[in-house]
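Under numbering that gives the first Met the number 0, think of the first position of the sequence shown as 0, with each following residue one higher.
Even for Gly, the Cβ is constructed at its ideal location relative to N, Cα and C.
Worksheet: the structure to be examined is printed underneath.
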Amino acid sequence: MANARNYLAIAGENVFIFENGHGTGVHHSELLSLMAESRSLAEVKTKFRASRSNPIETLEHFGFDFDILLREQFREGHRDTTLAKLHRVDTKWIAEKRRSLGFSREQGRPPIDFTRDEILRARGTAESIVGAAEQLGIDRKTFSKLYLSKLRSNGPVETDRMKSSLPSNKT
0 MANARNYLAI AGENVFIFEN GHGTGVHHSE LLSLMAESRS LAEVKTKFRA SRSNPIETLE
60 HFGFDFDILL REQFREGHRD TTLAKLHRVD TKWIAEKRRS LGFSREQGRP PIDFTRDEIL
120 RARGTAESIV GAAEQLGIDR KTFSKLYLSK LRSNGPVETD RMKSSLPSNK T
């Protein structure tokens, strides 16, 4: 079987980077430190040109477990598409890795969940619904829906703005 045009080969403590038939040797610590610092297979593949599996096999030969890195990144909440771009691999491959490592995939967008106090505080400090939505970093329609649902779920509430517009009953 013929070797790929670009690949990595191991010789003792060294990694040989073969590009178009020409090889360059480096100590394996360069490969490991680059992977540890960047946490990105794509970064490694820019210096150590090879197919997807070849750098992973080479890293594992020298004690770096790519599955542990993926587990950490899944726990950090990275989505399949984000990781596919980060590692410059196919999204389906990341999804298969996610399943094989025992992580479930959430369907759709992550839920937008703010506490009642956060919603009311944003509405109280902002000049408008648009301003409150910008404070929270969400769309104004989404903010309006959240605001109304939070008001309905816990009964009426008086914000500072509402208090100032109500007539005072002081005698």
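DSSP places N53 outside any beta strand (DSSP E); the residue lies instead in the alpha helix (DSSP H), whose first and last residues are S52 to H60. Under the three-pair Cβ rule at 8 Å, the segment 129 to 136 does not count as touching the segment 93 to 104. Assignment of E18 by DSSP, reduced to helix, strand and coil, places it in the strand class. Spanning the alpha carbons of Y6 and N53 requires a straight line of approximately 7 Å.
The three-state secondary structure of G130, taken from DSSP, is helix.
When the five nearest sequence neighbours on each side are left out, the beta carbons in the same chain lying within less than 8 Å of the beta carbon of D66 are those of K96 and L100, in order along the chain.
For I93, no beta strand (DSSP E) run applies; the uninterrupted alpha helix (DSSP H) run containing it begins and ends at T90 to S99, by DSSP. L68 has its alpha-carbon roughly 14 Å from the corresponding atom of E42.
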